[in-house]
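Colleague: Numbering (the working numbering), first residue to last: 4 to 349.
Yeah, the Cβ is synthetic: ideal placement off N, Cα and C, and Gly gets one too.
(1) Quick one: give me the first and last residue of the alpha helix (DSSP H) that residue 289 is part of.
(2) Given a cut-off of 8 Å, decide if residue 224 and residue 231 are closer than it, judged by their beta-carbon atoms.
(3) Whose C-beta lies closer than 7 Å to the C-beta of residue 24 among residues of the same chain, with five residues either side of it excluded?
(4) Please confirm if the segment 297-315 is in contact with the segment 101-117, defined as three or more CB-CB distances below 8 Å between the two stretches.
(5) Tell me the residue span of the alpha helix (DSSP H) that contains residue 324.
(6) Would residue 215 and residue 327 qualify as a contact pair, given that the criterion is a beta-carbon distance under 8 Å?
(7) From residue 200 to residue 52, what does the alpha carbon distance come to, in whole angstroms?
(8) To which residues of the same chain is residue 85 closer than 6 Å at the C-beta, ignoring the five residues directly before and after it?
(9) What residue range is occupied by the uninterrupted alpha helix (DSSP H) comprising residue 192?
(10) Between the alpha carbons of residue 210 and residue 155, how many angstroms are there, rounded?
(11) For the segment 227-255, list the beta strand (DSSP E) runs that are entirely contained and at least 3 residues long, ordered along the chain.
(12) So, with DSSP's three-state summary, where would you put residue 262?
(13) Between the Cα of residue 316 and those of 58, 121, 19, 248, spot the shortest distance and give me the residue it belongs to.
(14) To the nearest angstrom, how far is it from the Cα of residue 83 to the Cα of residue 151?
(15) For residue 253, I'd like the list of residues in its chain whose CB is within less than 8 Å of its CB, leaving aside the five on either flank, ordered along the chain.
(16) For residue 189, which of 76, 109, 303, 19 has the nearest alpha-carbon?
(17) What does the alpha-carbon distance come out to for the pair residue 250 and residue 343?
(18) Excluding the 5 residues flanking residue 235 on each side, which residues of the same chain have their C-beta closer than 7 Å to its C-beta?
(19) May I ask you to list the residues that DSSP assigns as paired with residue 308?
(20) Considering only heavy atoms of the ligand COA, does any lie closer than 7 Å to the CB of residue 299?
(21) Quick check: the Cα distance between residue 318 and residue 267, rounded to an integer number of angstroms?
(22) Name the DSSP beta bridge partners of residue 182, please?
(23) Exposed or buried, residue 302, counting other C-beta atoms within 10 Å across all chains shown (16 or more means buried)?
(24) Could you give the C-beta distance for residue 212 and residue 99, rounded to a whole number, given that I count them as a contact under 8 Å?
(25) Looking at residue 194 and residue 172, is the spacing between their C-beta atoms short of 8 Å?
(26) Apart from the five residues just before and just after residue 238, which ones in its own chain have a Cβ nearer than 6 Å to its Cβ?
(27) Exposed or buried, which one is residue 27 when buried takes at least 16 other CB atoms within 10 Å?
(28) Quick check: the Cα distance between residue 350 and residue 49, rounded to an integer number of angstroms?
(29) Please list, in chain order, all residues of the same chain as residue 112 whose beta carbon is under 6 Å from its beta carbon, the five residues on each side excluded.
(30) Name the two residues that bound the continuous beta strand (DSSP E) containing residue 128.
(31) Got a sec? Which residues, its chain only, sit under 7 Å from residue 57 by beta carbon, not counting five neighbours each side?
(32) Measuring only the C-alpha atoms, how far is residue 243 from residue 269?
(33) Thinking residue 263 and residue 40 are a contact (beta carbons under 8 Å), I'd like their distance in whole angstroms, please.
(34) Would you grab the beta carbon distance between residue 170 and residue 160 for me? Rounded to a whole angstrom, and I think it's under 8 Å.
(35) Assuming residue 161 is part of the beta strand (DSSP E), what are its boundary residues?
(36) Check whether the Cβ atoms of residue 335 and residue 259 sit closer than 8 Å, and answer yes or no.
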């Protein structure tokens with residue numbers, strides 16, 4: 004390709020990518036609004052008008068209004084200071100996280116960035132090599148020995164996976180050198196057993212506590228939201244496409260009385276597990292402090308979501324981390340991002 008055509012081609016690709024993101028985010032919000040309306044959560048024309056005005060005045064375009072409407076429908080009220088998911092993805096994420104947003108896609112970065120007892124990784128597969136959590140390359144025979152010591156069944160998470168995809172259970176007896184390299188890049192973790200309080204939701208999938216932290220212009224990390232992600236009956240792992248999310252008070256660990264399915268259907272309890280109200284996440288203080296400790300060690304991305312398991316011994320174990328999304332936190336616990344000096348927010 005001629006040198007003069009390269010900038011034109013890059014600009015065309017960037018424009019197509021941006022337009023696809025805008026279309027996808029708008030469709031996502033409008034679909035959620037329809038589901039909420041079908042479940043008795045319609046919003047007034049006054050709220051719609053306010054959302055359109057705020058989207059234009061604060062965020063530069065009316066295309067961000069559907070997210071503000073969705074938050075209002077889920078919350079039952081309109082609150083000042085919400086951050087539209089679309090504006091975060093389109094404008095803020097590149098500014099506040101930048102390239103650091105993608106560091107979590109390579110699992111072998113964990114021992115490079117973090118020193119914490121919450122890290123439960125056993126081995127990393129990266130570019131044809133096998134690394135220990137001490138960042139030492141080992142032979143397949145030594146790797147298999149380490150994996151056998153981790154239990155009869157392990158969990159493998161592939162790099163560059165998201166939304167619960169690329170996660171699978173692995174029987175250690177079926178592993179050998181050839182199959183080991185066949186997994187591609189990723190991490191082996193032990194198959195964790197949940198705390199009894201988090202094993203009551205009618206799914207074999209490991210319930211996951213998500214804690215979101217942010218960095219202001221200066222100072223230490225701050226907690227901005229926390230919620231529980233619950234899988235569906237019959238699922239081995241929580242999948243974003245049909246997970247059930249419930250807000251969690253980051254101080255008390257108490258679950259909100261109402262949660263929402265991935266499509267924004269409201270739910271007051273999990274199938275066969277009774278209501279959310281009256282239950283709490285154990286070790287919430289330890290999870291919050293762990294999230295803050297981890298973010299202090301990685302002051303590159305300003306917004307990070309940490310996914311933890313609370314195991315049967317009530318230990319906090321880090322499953323993964325990512326730049327994340329803001330929509331569920333904003334709808335149920337927000338506004339979450341005030342006071343940070345981010346564009347469009349006070």
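Modeller: Taking the geometry as given:
(1) On the chain shown, residue 289 is found 286 positions in, with the first residue counted as 1. Annotation: the continuous alpha helix (DSSP H) that includes residue 289 extends over 287-300.
(2) Taking the first residue of the chain shown as position 1, residue 231 is located at position 228. Taking the first residue of the chain shown as position 1, residue 224 is located at position 221. Going by C-beta atoms, residue 231 is not nearer than 8 Å to residue 224.
(3) The residue labelled residue 24 in the question sits at position 21 within the chain shown. Taken in chain order, the residues that qualify are 92, 93.
(4) By the Cβ rule, the segment 297-315 counts as touching the segment 101-117, because three or more pairs are nearer than 8 Å.
(5) Here the question's residue 324 lines up with position 321 in the chain shown. Premise fails: residue 324 lies in the beta strand (DSSP E), 319-325, not in any alpha helix (DSSP H).
(6) Sequence index remark: in the chain shown, residue 215 carries index 212 (1-based). Sequence index remark: in the chain shown, residue 327 carries index 324 (1-based). Yes. Within cutoff.
(7) On the chain shown, position 197 is the one that residue 200 refers to. On the chain shown, position 49 is the one that residue 52 refers to. Approximately 43 Å, taken between the alpha carbons.
(8) One-based indexing of the chain shown puts residue 85 at position 82. Result list for residue 85: 71, 74, 333, 337, 338, in chain order.
(9) Looking up residue 192 in the chain shown gives position 189. That residue, residue 192, is in no alpha helix (DSSP H); its beta strand (DSSP E) goes 189-193.
(10) As a position in the chain shown, residue 210 is number 207, starting the count at 1. As a position in the chain shown, residue 155 is number 152, starting the count at 1. Each residue's Cα considered, the two are about 21 Å apart.
(11) 247-251
(12) Residue 262 sits at position 259 when you count from the first residue of the chain shown. In this structure, residue 262 counts as strand in the three-state DSSP scheme.
(13) Residue 316 sits at position 313 when you count from the first residue of the chain shown. The shortest Cα separation from residue 316 among 58, 121, 19, 248 belongs to 121.
(14) Locating residue 83 in the chain shown gives position 80, counting from the first residue. Locating residue 151 in the chain shown gives position 148, counting from the first residue. Near 53 Å, if we compare the C-alpha coordinates of residue 151 and residue 83.
(15) Taking the first residue of the chain shown as 1, we reach residue 253 at position 250. For residue 253, where only same-chain residues beyond five positions count, the Cβ hits under 8 Å are 214, 226, 228, 229, 287, 291.
(16) Position 186 of the chain shown, counted from the first residue, corresponds to residue 189. If we check each option's Cα against that of residue 189, 109 comes out closest.
(17) Here residue 250 refers to the residue found at position 247 when the chain shown is read from its first residue. Here residue 343 refers to the residue found at position 340 when the chain shown is read from its first residue. Taking the straight line joining both Cα atoms gives about 22 Å.
(18) Counting from 1 along the chain shown, the entry for residue 235 is found at position 232. For residue 235, where only same-chain residues beyond five positions count, the Cβ hits under 7 Å are 206, 245.
(19) Here residue 308 refers to the residue found at position 305 of the chain shown. Residue 308 pairs with 215, 325.
(20) Absent from the structure shown: the ligand COA. Ligands present: none.
(21) Within the chain shown, residue 318 is the residue found at index 315, counting from 1. Within the chain shown, residue 267 is the residue found at index 264, counting from 1. If you draw a straight line from the Cα of residue 318 to the Cα of residue 267, it comes to about 31 Å.
(22) As a first step, residue 182 is located in the chain shown; it is residue number 179 there, counting from the start. Beta-bridge pairing by DSSP links residue 182 to no other residue.
(23) Here residue 302 refers to the residue found at position 299 of the chain shown. When all chains shown are included, residue 302 counts as exposed.
(24) If you number the chain shown from 1, residue 212 lands on position 209. If you number the chain shown from 1, residue 99 lands on position 96. The Cβ separation is near 23 Å, so there is no contact.
(25) In the chain shown, residue 172 corresponds to position 169, counting from 1. In the chain shown, residue 194 corresponds to position 191, counting from 1. Result yes, Cβ atoms of residue 172 and residue 194 sit closer than 8 Å.
(26) Taking the first residue of the chain shown as 1, we reach residue 238 at position 235. Excluding sequence neighbours, residue 238 sits near 206, 208.
(27) Here residue 27 refers to the residue found at position 24 of the chain shown. Residue 27 comes out exposed.
(28) This structure gives no information on residue 350, because the portion of the chain shown stretches from 4 to 349.
(29) As a working mapping, residue 112 is identified with position 109 in the chain shown. The residues are 106.
(30) For the purposes of this step, residue 128 is taken as residue 125 along the chain shown, with counting starting at 1. Per DSSP, residue 128 belongs to the beta strand (DSSP E) from 126-129.
(31) Taking the chain shown and counting its residues from 1, the one referred to as residue 57 is at position 54. 71, listed in sequence order.
(32) Numbered from its first residue, the chain shown carries residue 243 at position 240. Numbered from its first residue, the chain shown carries residue 269 at position 266. Between residue 243 and residue 269, the C-alpha separation is close to 16 Å.
(33) Reading the chain shown from its first residue, position 260 is the one you call residue 263. Reading the chain shown from its first residue, position 37 is the one you call residue 40. Contact flag wrong, Cβ pair sits at about 14 Å.
(34) If you number the chain shown from 1, residue 170 lands on position 167. If you number the chain shown from 1, residue 160 lands on position 157. About 5 Å separates the Cβ atoms of residue 170 and residue 160, confirming a contact at the 8 Å cut-off.
(35) Stepping through the chain shown from its first residue, residue 161 is reached at position 158. Residue 161 -> beta strand (DSSP E) spans 156-161.
(36) Translated into positions along the chain shown, residue 335 becomes position 332. Translated into positions along the chain shown, residue 259 becomes position 256. In contact: residue 335 and residue 259 (Cβ atoms closer than 8 Å).
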